[in-house]
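Participant:
In the UniProt record's numbering, the protein residues as written are 1 to 598.
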């Protein structure tokens, strides 16, 4: 407002001044009304924001000692506590125990310094339910206390946890998976102090799945996981790496303590258990490495543990082995041998020879046993006795088995076409063959298609293949072969522990007496009695008998006197090529060889 005078006359000056005053007053009133409108709008916005925050956020105001002075309805709703229960209490009333001391020390240091603190906290409701809140704590400027504003992020946190579980936890056993175990092992190697890294493998677990079904296998895996978890002390770890393989991180101060601990774990896993659907007994093999003695990083430790596991399996399974430096050299040799075998198969360096089996009653060739040989690059020829350990690798064993079977089936076809007089060719099957579906499938298909007659092939098995749970896969395969008419021979008879039981349970057509009994048969004593008993028993059961490893004329004569059906060995002939085997049969040289040895 201002006064403005014009010197025209007294009356006009007064009139103009009044007009100006009215104009200024009107403008002032307009500005006042505008400011009041803005103030009302701001107040309404503040009320809306308070209502919105109160509806969506969990709000609590505390004094400077942390005692709650006020809470909103959302706090009560989510926590399950009433306002009366919360006022005067501290936030420890919703403490979950999820966070460690360092977490809260950082919180208190921050707000005590007058700074805003923000993070996600897990709280526990009155019911015991855990919930997660995105929390901001603002110190009051006057130092009177703090305001905590939280938002419920439980659904998002649970979704994150589900994703984490999928990535890090085995769904069947609820143990850490391989990925998580590698993280935990890496963390442990960054710390000081010794510990043991162990790999535990269930012996012959595949046979459980094959014979009892995958549900039974899953129950067994879950039971073993519980057993291993029960064996742990605080800070130790057990994980499932996959299949029937587990890994452990165990505290240990030295070799003796580690070995004793591993032995207890093997015994615990091997204890008989029942799951309400049957009783279970399972063996476990364990290989372990000591940190930092055997390795200072996760990769070296697991390599050493894996080499020790192989040594445990070679020692008969059902035991534990700690890594030794010599295991590394052996592992390198095995790896080289496996690679060489694979190359040999690809380069056709493997081949099959045929050792004659002669009928003692007429001294005529009766059949052949197919024997695998490997012609090395230097021209030397090796028998499976020198590379048999590769059969521990099921894939290589299956590849070799399929190769031999393919060679024998083709040989039978050629001899049929050439009218070579023979009755059958026997092949030595391995456990790996019977674990490979294609092996038995090929035989059944060859018979059903008319490619070979069922009586032209004999499959030899050993008692070792029938021991433990591995026998179930063998029995199932033998039953399939018997159903299509394939003869089954029991090789190395008498060297095991339960040969008679297997004769009673399995559809055996032949038994082969091991060479260890033949060597001293002419000296009398127990070996002769055992051989005679085996022959008599087999004949009473309607089985034929083949004596292996016959090298001397008097051994053949003794076996003839004991009524043995047939023999094979260097006295008759070594393993022969296809051409020599064909000539051997057609020329009838068996009797000549026997006569020449007299």
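Idealized CB from N, CA, C, for every residue including glycine.
Fair warning: this is a prediction, and the values are worked out from it, not measured in the lab.
In chain order, which alpha helix (DSSP H) runs of at least 4 residues are fully inside the region 315 to 390?
Facilitator: 325 to 346 and 384 to 387
Participant: By DSSP, does residue 52 sit in helix, in strand, or in coil?
Facilitator: Position 52 of the chain shown, counted from the first residue, corresponds to residue 52. Caution is warranted here: a pLDDT of 48 is assigned to residue 52, below 50, making its placement in the model unreliable, and the coordinate value is therefore given only provisionally. Helix at residue 52.
Participant: Assuming residue 441 is part of the alpha helix (DSSP H), what are its boundary residues?
Facilitator: Against the chain shown, residue 441 aligns to sequence position 441. Unbroken alpha helix (DSSP H) run through residue 441: 437 to 448.
Participant: Leaving out five residues on either side along the sequence, give the residues of the same chain with a beta carbon under 8 Å from the beta carbon of residue 584.
Facilitator: In the chain shown, the residue the question calls residue 584 occupies position 584. Only 356, 365, 573, 576 and 590 meet the Cβ criterion.
Participant: Within 7 Å of any Cβ in chain D, is that where the Cβ of residue 320 sits?
Facilitator: Among the chains of the structure shown, chain D does not appear; only one protein chain is present.
Participant: Please confirm whether residue 305 and residue 287 have their CB atoms less than 7 Å apart.
Facilitator: Here residue 305 is taken as the residue at index 305 of the chain shown, counted from 1. Here residue 287 is taken as the residue at index 287 of the chain shown, counted from 1. The answer is yes: Cβ separation under 7 Å.
Participant: Within 10 Å of its beta-carbon, does residue 411 have 16 or more other beta-carbons around it, so buried, or fewer, so exposed?
Facilitator: The residue labelled residue 411 in the question sits at position 411 within the chain shown. Classification for residue 411: buried.
Participant: Residue ranges of each beta strand (DSSP E) run of no fewer than 3 residues wholly in the region 128 to 165, ordered along the chain?
Facilitator: Taking only runs of at least 3 residues, the beta strand (DSSP E) segments lying wholly in the region 128 to 165 are 130 to 139 and 145 to 152.
Participant: Taking Cβ to Cβ, would you say residue 96 is nearer than 7 Å to residue 122?
Facilitator: Position 96 of the chain shown, counting from 1, holds the residue named residue 96. Position 122 of the chain shown, counting from 1, holds the residue named residue 122. It is a contact, given that the beta carbons lie within the stated cut-off.
Participant: Among 206, 180, 204 and 63, which one has its Cα closest to the Cα of residue 142?
Facilitator: Your numbering for residue 142 matches position 142 in the chain shown. For the residues 206, 180, 204 and 63, the minimum Cα distance to residue 142 belongs to 63.
Participant: Please state whether DSSP places residue 232 in a helix, a strand or coil.
Facilitator: As a working mapping, residue 232 is identified with position 232 in the chain shown. The answer is coil: DSSP assigns residue 232 none of H, G, I, E or B.
Participant: Can the beta-carbon of residue 386 be found closer than 7 Å to that of residue 442?
Facilitator: As a first step, residue 386 must be located in the chain shown, where it is residue number 386. As a first step, residue 442 must be located in the chain shown, where it is residue number 442. Result no, Cβ atoms of residue 386 and residue 442 do not sit closer than 7 Å.
Participant: Output the distance between the C-alpha atoms of residue 101 and residue 94, rounded to the nearest integer angstrom.
Facilitator: In the chain shown, counting from the first residue as 1, residue 101 sits at position 101. In the chain shown, counting from the first residue as 1, residue 94 sits at position 94. Cα to Cα, residue 101 sits roughly 15 Å from residue 94.
Participant: Considering only residues of the same chain and omitting the five flanking positions on each side of residue 31, which have a CB-CB separation below 7 Å?
Facilitator: Taking the chain shown and counting its residues from 1, one reaches residue 31 at position 31. Hits under 7 Å: none found.
Participant: How about residue 285 and residue 203: are their beta carbons less than 7 Å apart?
Facilitator: The count along the chain shown starts at 1 and reaches residue 285 at position 285. The count along the chain shown starts at 1 and reaches residue 203 at position 203. Result yes, Cβ atoms of residue 285 and residue 203 sit closer than 7 Å.
Participant: Which residues share a DSSP beta bridge with residue 599?
Facilitator: Residue numbering for the chain in the displayed model covers 1 to 598; residue 599 lies beyond these limits and cannot be assessed.
Participant: Going by Cα to Cα distance, which pick from 222, 323 and 479 is closest to residue 246?
Facilitator: Within the chain shown, numbered from 1, the residue matching residue 246 stands at position 246. The shortest Cα separation from residue 246 among 222, 323 and 479 belongs to 222.
Participant: Please check the pair residue 196 and residue 239, which I expect to be a contact at CB under 8 Å, by giving their CB distance rounded to whole angstroms.
Facilitator: Sequence index remark: in the chain shown, residue 196 carries index 196 (1-based). Sequence index remark: in the chain shown, residue 239 carries index 239 (1-based). Residue 196 to residue 239, Cβ: 14 Å. No contact.
Participant: Tell me whether residue 189 sits in a helix, a strand or coil according to DSSP, three-state version.
Facilitator: Position 189 of the chain shown, counted from the start, is the residue given in the question as residue 189. It is helical.
Participant: With distance defined between alpha-carbon atoms, name the residue in 272, 173 and 185 nearest to residue 225.
Facilitator: As a position in the chain shown, residue 225 is number 225, starting the count at 1. With distances taken between Cα atoms, residue 225 lies closest to 173.
Participant: If you draw a straight line from the alpha carbon of residue 187 to that of residue 549, how long is it in whole angstroms?
Facilitator: Start at 1 with the first residue of the chain shown, and residue 187 comes out as number 187. Start at 1 with the first residue of the chain shown, and residue 549 comes out as number 549. Answer to the nearest angstrom: the Cα atoms are 58 Å apart.
Participant: Do residue 67 and residue 88 count as a contact pair if the criterion is CB distance below 7 Å?
Facilitator: Here the question's residue 88 lines up with position 88 in the chain shown. Here the question's residue 67 lines up with position 67 in the chain shown. Yes, the Cβ-Cβ distance between residue 88 and residue 67 is below 7 Å.
Participant: Just confirm the distance between the C-beta atoms of residue 116 and residue 137, as a whole number of angstroms; I'd bet it's less than 8 Å.
Facilitator: What you label residue 116 is simply residue 116 of the chain shown in a count that begins at 1. What you label residue 137 is simply residue 137 of the chain shown in a count that begins at 1. With 8 Å as the limit, residue 116 and residue 137 qualify as a contact, their Cβ atoms being about 7 Å apart.
Participant: Please classify residue 419: is it buried, with 16 or more other beta-carbons within 10 angstroms of its beta-carbon, or exposed?
Facilitator: Locating residue 419 in the chain shown gives position 419, where the first residue counts as 1. Classification for residue 419: exposed.
Participant: Determine the DSSP secondary structure at residue 273, reduced to helix, strand or coil.
Facilitator: Within the chain shown, numbered from 1, the residue matching residue 273 stands at position 273. Three-state result, residue 273: strand.
Participant: Let's test the definition: count the other Cβ atoms within 10 Å of the Cβ of residue 60 and tell me whether it reaches 16, buried, or not, exposed.
Facilitator: The residue labelled residue 60 in the question sits at position 60 within the chain shown. When all chains shown are included, residue 60 counts as buried.
Participant: On the three-state DSSP scale, how would you describe residue 115?
Facilitator: Looking up residue 115 in the chain shown gives position 115. Note: residue 115 maps to coil in three-state DSSP.
Participant: Which residues bound the beta strand (DSSP E) around residue 70?
Facilitator: Taking the chain shown and counting its residues from 1, the one referred to as residue 70 is at position 70. Where residue 70 is concerned, the enclosing beta strand (DSSP E) stretches over 68 to 71.
Participant: Do residue 545 and residue 565 count as a contact pair if the criterion is CB distance below 7 Å?
Facilitator: Counting from 1 along the chain shown, the entry for residue 565 is found at position 565. Counting from 1 along the chain shown, the entry for residue 545 is found at position 545. Taking 7 Å as the Cβ cut-off, residue 565 and residue 545 qualify as a contacting pair.
Participant: To test your reading of the DSSP string, which unbroken alpha helix (DSSP H) runs of 4 or more residues are found completely within the region 495 to 529?
Facilitator: 499 to 505 and 515 to 518
Participant: Closest to residue 146 by C-alpha separation, out of 104, 316, 70 and 397, would be which residue?
Facilitator: Here residue 146 refers to the residue found at position 146 of the chain shown. It is 70.
Participant: Mapping the DSSP letters down to three states, classify residue 126 as helix, strand or coil.
Facilitator: Residue numbering aside, residue 126 sits at position 126 when the chain shown is read from its first letter. Coil at residue 126, not helix or strand.
Participant: Can you tell me whether DSSP reads residue 547 as helix, strand or coil?
Facilitator: Within the chain shown, numbered from 1, the residue matching residue 547 stands at position 547. Residue 547: strand per DSSP, three-state reduction.
Participant: Under 8 Å by Cβ, that's how I've got residue 290 and residue 194 pegged, so tell me the actual separation to the nearest angstrom.
Facilitator: Here residue 290 corresponds to residue number 290 of the chain shown, with the count starting at 1. Here residue 194 corresponds to residue number 194 of the chain shown, with the count starting at 1. Between residue 194 and residue 290 the Cβ distance is about 6 Å, and since that is below 8 Å, they are a contact.
Participant: The alpha helix (DSSP H) that contains residue 408, what's its start and end?
Facilitator: Position 408 of the chain shown holds residue 408. Run containing residue 408: 394 to 417, per the alpha helix (DSSP H) assignment.
Participant: With H, G and I counted as helix, E and B as strand and the rest as coil, what does DSSP make of residue 121?
Facilitator: In the chain shown, residue 121 corresponds to position 121, counting from 1. Three-state result, residue 121: strand.
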